[in-house]
Amino acid sequence: EAGVAQSPRYKIIEKRQSVAFWCNPISGHATLYWYQQILGQGPKLLIQFQNNGVVDDSQLPKDRFSAERLKGVDSTLKIQPAKLEDSAVYLCASGAGAHQETQYFGPGTRLLVL
Amino acid sequence: SQQGEEDPQALSIQEGENATMNCSYKTSINNLQWYRQNSGRGLVHLILIRSNEREKHSGRLRVTLDTSKKSSSLLITASRAADTASYFCATGARGAGNMLTFGGGTRLMVKP
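If you read the sequences in order, they're chains A and B. Quick note: the first sequence uses this note's numbering, first residue 7, plus one each step. Quick note: the second sequence uses this note's numbering, first residue 949, plus one each step.
Here's what the structure looks like:
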């Protein structure tokens, strides 16, 4: 079974530039999550999708971050414009099981904003 | 803000020893999960314990949950160098999608 795919793996940009990350969840998983993990900290949930609808985006900085999952499968997370404090690893996860309790994580995209 | 807090933040042991990590949380939960993260890689699910369970085992892992104290512990027995990683507890909320809130993690180093 293929895991959660993310691309790119690494990205370096200058502040005020825009960047986009892509995630393809495990086939058949209805729930998709985007997390931000700052160095030395645990992951923080940014947004949660159930199929193509948003379940929770309360911690998404909506003035600069946006995410979509138009067809209910893959998803993109965009930052525009980026700030220095956005430097982090962006993790995508998808939910499995009858109650979708366990989450399966992709390898992450490491973003450095200069 | 992060719901869970792991203790200790860092732990260094010799191969063969046991490693114990603790997690405390603040609000009511549906379940508590432990994940492992190797350097520069994604998180891997280790074990899930539900709010009505007190103890669970999986191979060399033993997890306990005390909902009255809002705390959990992860015990890794007979540690190996390959167990070197960061370990995170995550609390699962009730409702659609089981949103997880992660703690800050314990960085475990197992010396060969």
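For glycine and all other residues, C-beta sits at the position ideal for the given N, C-alpha and C. Since the structure is predicted, the reported quantities are computational estimates derived from the model, not experimental observations.
Listed by position along chain B, the residues whose Cβ is nearer than 7 Å to that of Gly114 (chain A) are Gly990. Counting every other CB atom within 10 Å of its CB across the protein chains shown gives Asp69 (chain A) a total below 16, marking it as exposed.
Going by beta carbons, Leu66 (chain A) and Phe55 (chain A) fall outside the 7 Å limit.
Cβ atoms of Ser972 (chain B) and Ser1019 (chain B) come within 8 Å of each other, at about 5 Å.
Of the candidates B:Arg1008, B:Thr1015, B:Ala1030, the residue whose Cα lies closest to the Cα of Arg1002 (chain B) is B:Thr1015.
With a cut-off of 8 Å on Cβ pairs, the region 107-120 of chain A is in contact with the region 89-97 of chain A, counting three or more such pairs.
In terms of Cβ geometry, Met969 (chain B) and Leu1022 (chain B) form a close pair [threshold 7 Å]. In this structure, B:Gly1053 is the residue among B:Lys1059, B:Glu954, B:Gln962, B:Gly1053 with its C-alpha nearest to the C-alpha of Gln985 (chain B). With a 10 Å radius around the Cβ and a threshold of 16 neighbouring Cβ atoms, Thr1032 (chain B) comes out buried.
In this structure, the straight-line span from the alpha carbon of Ile961 (chain B) to that of Ala967 (chain B) is close to 7 Å. As a beta-bridge residue in DSSP terms, Lys1059 (chain B) pairs with B:Gln962.
The beta carbon of Met1047 (chain B) falls within 7 Å of a beta carbon belonging to chain A, placing the residue at that interface. Contact check for Val25 (chain A) against Cys98 (chain A) fails: the beta carbons are separated by 7 Å or more. In terms of beta-carbon proximity, Gly1007 (chain B) stays away from the interface with chain A, with every pair separated by 7 Å or more.
In the same chain as Arg1042 (chain B), and ignoring 5 residues on each side of it, the C-beta atoms closer than 6 Å to its own belong to Asn978, in chain order.
The C-beta separation of Pro14 (chain A) from Thr108 (chain A) comes to about 26 Å, leaving the pair out of contact by the 8 Å criterion. Straight-line measurement puts the Cα of Asn1046 (chain B) at about 30 Å from the Cα of Lys17 (chain A). Sequence-distant partners of Asn30 (chain A) (beyond 5 residues in either direction) whose C-beta falls short of 6 Å from its own C-beta, in its chain, are Ala11, Asp80. Annotation for Ala94 (chain A): the continuous beta strand (DSSP E) segment containing it runs 94-102. Any Cβ of chain A closer than 7 Å to the Cβ of Gly1040 (chain B) would place that residue at the interface, and such an atom is present.
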